[in-house]
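Student: In my numbering, the protein residues as written are 11 to 113. Ideal Cβ placement from N, Cα and C applies to all residues, glycine included.
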């Protein structure tokens, strides 16, 4: 180092020690930052009720939101779609085909 050449070996030793301490400080500061971010993410995920559910369970809950009849609940539980949902899907597909033919 420059100080080592001018001020002697003790100054060079102190400079190296200071640089090592700065590097240690910066790494610790970065670790604290990343821990802080991770803790914030964990906090929000603690209160997310749907994060631990499977995709099948999430779709079941979406189908059975609100008041549904016992028949609709059984259909949703069996994984089958209701006739109304199937009719809507067919109607949407027909509309998409018509739009493609017009273009």
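Buried or exposed: where does residue 33 fall if 16 or more other Cβ atoms within 10 Å of its Cβ makes it buried?
Tutor: Counting C-beta atoms within 10 angstroms of its own C-beta, residue 33 has fewer than 16 neighbours from the protein chains shown and is therefore classed as exposed.
Student: Exposed or buried, which one is residue 30 when buried takes at least 16 other CB atoms within 10 Å?
Tutor: exposed
Student: Of all the options 88, 28, 111, which has the alpha carbon lying nearest to the alpha carbon of residue 66?
Tutor: Per the Cα distances, 88.
Student: Between the alpha carbons of residue 25 and residue 48, how many angstroms are there, rounded?
Tutor: 35 Å
Student: In or out: residue 86 buried (at least 16 other Cβ within 10 Å) or exposed?
Tutor: A buried status is given to residue 86, since no fewer than 16 other beta-carbon atoms sit within 10 Å of its beta-carbon.
Student: May I ask you to report which of helix, strand or coil DSSP gives residue 79?
Tutor: coil
Student: Are the CB atoms of residue 83 and residue 74 nearer to each other than 8 Å?
Tutor: Between residue 83 and residue 74, the C-beta spacing is below 8 Å.
Student: Whole angstroms is fine: what's the gap from residue 107's alpha carbon to residue 76's?
Tutor: 33 Å
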